[in-house]
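Trainee: Here the sequence shown stands for residues 88 to 576, where the numbers follow the working numbering.
Just so you know, even glycine gets a beta-carbon here, dropped at the ideal spot from N, CA and C.
Small disclaimer: the values here were computed from a predicted structure and weren't measured.
I am attaching a structure below and will ask some questions about it afterwards.
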Amino acid sequence: MSERSYIAAIDQGTTSTRTIIFDDQLEIVNISQKPFKQFYPQDGWVEQDAEEIYGTVIATLTQAIDEAGLEFQEISAIGITNQRETVVAWNKETGDPLYNAINWQCRRTAKRCLELRPQENMIHEKTGLIVDPYFSGTKMEWLYNNVPKVRIAANSKELAFGTIDSWLAYKLSKKNVHVTDYSNASRTMLFNIRKLDWDDELLELFSIKREWLPKLVDTSGILGYTKEGIPIASMVGDQQGALFGQMAFERGMAKCTYGTGAFLLMNLGSEAILSGQRLLTSVGWKIGDEINYAMEGSLFMCGAAIDWTVDNLKLAKSASETEDLSYKVRDNGGVFFVPALSGLGAPQWDPNARGLFIGMTQSTKKEHLIRSVLEGICYSVRELFDTMVSECHIPLKELRVDGGVSKNQFIQEFQSILLGNSVTRPENTETTATGAAILAGLATDVWRDKKEVLAYWKSQASMSRGKDEQVEASYTKWKTAVKRSQNWV
Ligand code: ADP
Numbered sequence: 088m089s090e091r092s093y094i095a096a097i098d099q100g101t102t103s104t105r106t107i108i109f110d111d112q113l114e115i116v117n118i119s120q121k122p123f124k125q126f127y128p129q130d131g132w133v134e135q136d137a138e139e140i141y142g143t144v145i146a147t148l149t150q151a152i153d154e155a156g157l158e159f160q161e162i163s164a165i166g167i168t169n170q171r172e173t174v175v176a177w178n179k180e181t182g183d184p185l186y187n188a189i190n191w192q193c194r195r196t197a198k199r200c201l202e203l204r205p206q207e208n209m210i211h212e213k214t215g216l217i218v219d220p221y222f223s224g225t226k227m228e229w230l231y232n233n234v235p236k237v238r239i240a241a242n243s244k245e246l247a248f249g250t251i252d253s254w255l256a257y258k259l260s261k262k263n264v265h266v267t268d269y270s271n272a273s274r275t276m277l278f279n280i281r282k283l284d285w286d287d288e289l290l291e292l293f294s295i296k297r298e299w300l301p302k303l304v305d306t307s308g309i310l311g312y313t314k315e316g317i318p319i320a321s322m323v324g325d326q327q328g329a330l331f332g333q334m335a336f337e338r339g340m341a342k343c344t345y346g347t348g349a350f351l352l353m354n355l356g357s358e359a360i361l362s363g364q365r366l367l368t369s370v371g372w373k374i375g376d377e378i379n380y381a382m383e384g385s386l387f388m389c390g391a392a393i394d395w396t397v398d399n400l401k402l403a404k405s406a407s408e409t410e411d412l413s414y415k416v417r418d419n420g421g422v423f424f425v426p427a428l429s430g431l432g433a434p435q436w437d438p439n440a441r442g443l444f445i446g447m448t449q450s451t452k453k454e455h456l457i458r459s460v461l462e463g464i465c466y467s468v469r470e471l472f473d474t475m476v477s478e479c480h481i482p483l484k485e486l487r488v489d490g491g492v493s494k495n496q497f498i499q500e501f502q503s504i505l506l507g508n509s510v511t512r513p514e515n516t517e518t519t520a521t522g523a524a525i526l527a528g529l530a531t532d533v534w535r536d537k538k539e540v541l542a543y544w545k546s547q548a549s550m551s552r553g554k555d556e557q558v559e560a561s562y563t564k565w566k567t568a569v570k571r572s573q574n575w576v
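Given below as structure tokens:
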């Protein structure tokens, strides 16, 4: 046996599952990844096969351990991070799923959510969420009302509902546990984020019985053992996992994942501050008596807007080329871009807004257009942070970034100037899995505490630029452009 400790982090995402093996200095030893099928049985419906998902977990776990040259017994702990809100219903005696997993993107309960509008304030007060088909509650209600097998299992007291973390913990523990952690529970619309318990009024609203739901466990803590005897020691929703993996442990620290869309989360400390502007409040993590909340906002278009300039407009050969092209011009040449290609989220919440280039003249070059797209992403992130800060009255301490687009130096630099704050990209951008690994290692004495783990934080690139008057003026101008993009269709 080796002297080192190793942790296997299972990152169960929307389109693929990855297992990453970390050593006790948080270095990545091996990564294994497997995609799985998506089903679209009707317009707007998205389903996945829960057994297939579990199959990809076992396959990647086995492969990653094997390729790292390790034995199962050398793994100190398993951590789970997962796509959030996706619901599985299964028979807790046989372990058989009773229907496909209903994916978070599935809109089948859109009509039901419209009916819930009168209860939206009450739901927001209790759960920190807005009413939307994303969240698990209406999906569970749909399963009970529409799938005979689910109803039969409920009648014979064999029904188990859970999000993906819950399903994986059940399967990995040889059907011994039916649990979920507080960060995942926060996304169900059934969980009271202040009382830290399932909410009876909400359970009644959705006709869900407490006994069908998993028991709540800490985000970091041993909740069961695999058949090889490895402790399953953490479960965390993917976005909260990334906040933890970015080691944004302190109130006021934030992370932004610049992927296809962008996800911003800010650590609120122990206060569950609610937003009046439809930003979400969830439990970030609960570890013993320590509870950390996070405020969350997202942009529909981030890398998607860059891909659009490359694939549709052919303004650049690749996403990475947009960096060089943007640096080629001194400024945006007066051109502004509003990335409202599929409407605007917070703070406008205008589904009828549409994308806009404005300010072009005869001297506009394609570099100006590209630069305006990258700037447009940064302005949108700034606007979301401004909204967040004004809602929670916590100044932004530091922004840590990850995701494909964060590799773009122009974006990182411009974002730093716009925020007047340091923007740091870590060497290890596998932040989601890192979060699950740290949480699992803390529960199994691989590390004593978070302070010890901080020693393994490595920044790859940090930009710290003060605010710039000209850029501030551009931001104000961009906001005028946003107004012009609104209420278009
Ligand atoms: P997701 O997990 O949402 O699929 P990723 O984090 O993998 O997203 O990021 C993918 C996005 O990042 C794509 O839109 C891609 O075009 C964009 N991207 C990758 N590298 C760069 C770069 N150097 N500059 C700008 N965008 C980039």
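#1: For Ile107, is the beta carbon positioned less than 7 Å from some heavy atom of the ligand ADP?
#2: Is DSSP giving Ala95 helix, strand or coil here?
#3: Can you give the beta carbon distance from Gln557 to Glu514, rounded, assuming they're within the 8 Å contact cut?
#4: With respect to 7 Å, is the separation between the Cβ of Asn399 and the closest non-hydrogen atom of the ligand ADP below this value?
#5: Under 8 Å by Cβ, that's how I've got Cys465 and Phe501 pegged, so tell me the actual separation to the nearest angstrom.
#6: How big is the Cα-Cα spacing for Leu402 and Gly156?
#7: Classify Ser321 as helix, strand or coil using the three-state DSSP reduction.
#8: Under 7 Å from any heavy atom of the ligand ADP, does the C-beta of Asn439 make it?
#9: Less than 8 Å separating the beta-carbons of Ala578 and Ser321?
#10: Identify the continuous alpha helix (DSSP H) that holds Gly142 and give its terminal residues.
#11: Can Ala391 be considered in contact with the ligand ADP, in the sense that its beta carbon sits closer than 7 Å to one or more heavy atoms?
#12: What does the alpha-carbon distance come out to for the pair Glu212 and Leu361?
#13: Counting C-beta neighbours from all protein chains within 10 Å, is the total for Pro235 16 or more, i.e. buried, or is it exposed?
#14: Compute the beta-carbon to beta-carbon distance between Ser549 and Ser509, rounded to the nearest angstrom, for a pair I have assumed lies under 8 Å.
#15: Cα-Cα, which of Thr168, Cys479 and Leu431 is closest to Thr250?
#16: For the ligand ADP, I want to know if Gly166 counts as a neighbour, meaning its beta carbon is within less than 7 Å of at least one of the ligand's heavy atoms.
#17: Using 7 Å as the cut-off, classify the Cβ of Val425 as near or not near the heavy atoms of the ligand ADP, replying yes or no.
#18: What is the rounded straight-line gap between the Cα of Ile64 and the Cα of Ile94?
#19: Select from Tyr231, Lys452, Gly432 and Lys564 the residue whose C-alpha is nearest the C-alpha of Ile189.
#20: Would you give the residue range spanned by the alpha helix (DSSP H) that Ala341 belongs to?
#21: Less than 7 Å separating the Cβ of Glu410 from some heavy atom of the ligand ADP?
#22: From what residue to what residue does the beta strand (DSSP E) around Met353 run?
#23: By alpha-carbon positions, which one of Met388, Thr344, Ser405 and Pro220 ends up nearest to Arg194?
#24: Which same chain residues end up closer than 6 Å to Pro301 when comparing Cβ atoms and leaving out the 5 residues on each side of it in sequence?
#25: So, with DSSP's three-state summary, where would you put Asp110?
#26: Going by DSSP in three states, Val468 sits in which element: helix, strand or coil?
#27: State yes or no: is the C-beta of Gly324 within less than 8 Å of the C-beta of Ser385?
#28: In angstroms with no decimal places, state the Cα-to-Cα distance between Lys538 and Arg417.
#29: Just verifying my parser: in three-state terms, what is the DSSP assignment at Gly519?
#30: Report yes if the C-beta distance between Ala440 and Trp575 is below 8 Å; otherwise report no.
#31: From the DSSP output, in three-state form, read off Pro235 for me.
#32: By how many angstroms is the C-alpha of Gly420 removed from the C-alpha of Ser223?
#33: State the start and end residues of the unbroken beta strand (DSSP E) segment that holds Ile445.
#34: I believe Leu486 touches Leu506 by the beta-carbon criterion, under 8 Å. Please report the beta-carbon distance rounded to the nearest angstrom.
#35: Could you check what DSSP says for Ser223 in three-state terms: helix, strand or coil?
#36: For chain C, check one thing: does any of its Cβ atoms lie closer than 8 Å to the Cβ of Ala568?
Mentor: Walking through what the data contain:
#1: Taking the sequence shown and counting its residues from 1, one reaches residue 107 at position 20. Shortest gap from the CB of Ile107 to any heavy atom of the ligand ADP: 7 Å or more.
#2: Locating residue 95 in the sequence shown gives position 8, where the first residue counts as 1. Per DSSP, reduced to three states, the secondary structure at Ala95 is strand.
#3: What you label residue 557 is simply residue 470 of the sequence shown in a count that begins at 1. What you label residue 514 is simply residue 427 of the sequence shown in a count that begins at 1. That pair is no contact at about 32 Å.
#4: As a position in the sequence shown, residue 399 is number 312, starting the count at 1. No, since every heavy atom of the ligand ADP falls outside the 7 Å radius drawn around the Cβ of Asn399.
#5: By one-based count along the sequence shown, residue 465 stands at place 378. By one-based count along the sequence shown, residue 501 stands at place 414. The pair is a contact, with the Cβ atoms about 5 Å apart (cut-off 8 Å).
#6: Locating residue 402 in the sequence shown gives position 315, counting from the first residue. Locating residue 156 in the sequence shown gives position 69, counting from the first residue. The alpha-carbon atoms of Leu402 and Gly156 are separated by roughly 45 Å.
#7: Here residue 321 refers to the residue found at position 234 of the sequence shown. If DSSP states are grouped into helix, strand and coil, Ser321 belongs with the strands.
#8: Residue mapping note: residue 439 aligns to position 352 of the sequence shown, counting from 1. No, the beta carbon of Asn439 sits no closer than 7 Å to any heavy atom of the ligand ADP.
#9: Given that the chain is displayed from residue 88 to residue 576, the structure contains no residue 578 and the question cannot be resolved.
#10: By 1-based counting over the sequence shown, the position of residue 142 is 55. Start and end: Ala137 to Glu154.
#11: Here residue 391 is taken as the residue at index 304 of the sequence shown, counted from 1. Between the ligand ADP and the CB of Ala391, the shortest heavy atom gap is smaller than 7 Å.
#12: On the sequence shown, position 125 is the one that residue 212 refers to. On the sequence shown, position 274 is the one that residue 361 refers to. Computed Cα separation, rounded: 8 Å.
#13: Working through the sequence shown from its first residue, we reach residue 235 at position 148. So Pro235 counts as exposed.
#14: Walking along the sequence shown from the start, residue 549 turns up at place 462. Walking along the sequence shown from the start, residue 509 turns up at place 422. That belief holds up - the Cβ atoms of Ser549 and Ser509 are roughly 6 Å apart, short of 8 Å.
#15: Locating residue 250 in the sequence shown gives position 163, counting from the first residue. Nearest C-alpha to Thr250: Thr168.
#16: Counting from 1 along the sequence shown, the entry for residue 166 is found at position 79. Gly166 Cβ: outside cutoff for every heavy atom of the ligand ADP.
#17: To locate residue 425, count along the sequence shown from 1; it is residue 338. Outside the cutoff, so no.
#18: It is not possible to answer for residue 64, since the shown part of the chain is limited to 88 through 576.
#19: One-based indexing of the sequence shown puts residue 189 at position 102. Comparing alpha-carbon positions, the option among Tyr231, Lys452, Gly432 and Lys564 lying closest to Ile189 turns out to be Tyr231.
#20: Working through the sequence shown from its first residue, we reach residue 341 at position 254. Taken as a continuous stretch (DSSP letters only), Ala341 belongs to no alpha helix (DSSP H), being part of the beta strand (DSSP E) at Met340 to Tyr345.
#21: Within the sequence shown, residue 410 is the residue found at index 323, counting from 1. Correct: Glu410 has its Cβ closer than 7 Å to the ligand ADP.
#22: Along the sequence shown, one-based indexing puts residue 353 at 266. Counting along the chain, the beta strand (DSSP E) containing Met353 begins and ends at Ala349 to Gly356.
#23: On the sequence shown, residue 194 is found 107 positions in, with the first residue counted as 1. Out of Met388, Thr344, Ser405 and Pro220, Pro220 has the C-alpha closest to the C-alpha of Arg194.
#24: Numbered from 1 along the sequence shown, position 214 holds the residue referred to as residue 301. Excluding the 5 residues flanking it on each side, Pro301 has same chain C-beta neighbours closer than 6 Å at Gly249, Ser253, His265, Val266 and Thr267, in chain order.
#25: Taking the first residue of the sequence shown as position 1, residue 110 is located at position 23. DSSP places Asp110 in strand when its eight states are reduced to three.
#26: Looking up residue 468 in the sequence shown gives position 381. Val468 falls in the helix class under three-state DSSP.
#27: Position 237 of the sequence shown holds residue 324. Position 298 of the sequence shown holds residue 385. Cβ atoms of Gly324 and Ser385: not closer than 8 Å.
#28: As a first step, residue 538 is located in the sequence shown; it is residue number 451 there, counting from the start. As a first step, residue 417 is located in the sequence shown; it is residue number 330 there, counting from the start. Each residue's alpha carbon lies about 43 Å from the other.
#29: Locating residue 519 in the sequence shown gives position 432, where the first residue counts as 1. First, the amino acid is wrong: residue 519 is Thr here, not Gly. DSSP, read as helix, strand or coil, puts Thr519 in helix.
#30: The residue labelled residue 440 in the question sits at position 353 within the sequence shown. The residue labelled residue 575 in the question sits at position 488 within the sequence shown. Cβ distance < 8 Å, so Ala440 and Trp575 count as in contact.
#31: To locate residue 235, count along the sequence shown from 1; it is residue 148. In the structure shown, Pro235 sits in a helix (DSSP, three-state: H, G or I).
#32: Numbered from its first residue, the sequence shown carries residue 223 at position 136. Numbered from its first residue, the sequence shown carries residue 420 at position 333. Gly420 has its alpha-carbon roughly 46 Å from the corresponding atom of Ser223.
#33: Position 358 of the sequence shown, counted from the first residue, corresponds to residue 445. Per DSSP, Ile445 belongs to the beta strand (DSSP E) from Leu443 to Ile445.
#34: The count along the sequence shown starts at 1 and reaches residue 486 at position 399. The count along the sequence shown starts at 1 and reaches residue 506 at position 419. 6 Å between Cβ atoms; contact.
#35: Counting from one through the sequence shown, the residue named residue 223 turns up at place 136. In the three-state DSSP reduction, Ser223 falls in the helix class (H, G or I).
#36: Here there is only one protein chain, and chain C is not present.
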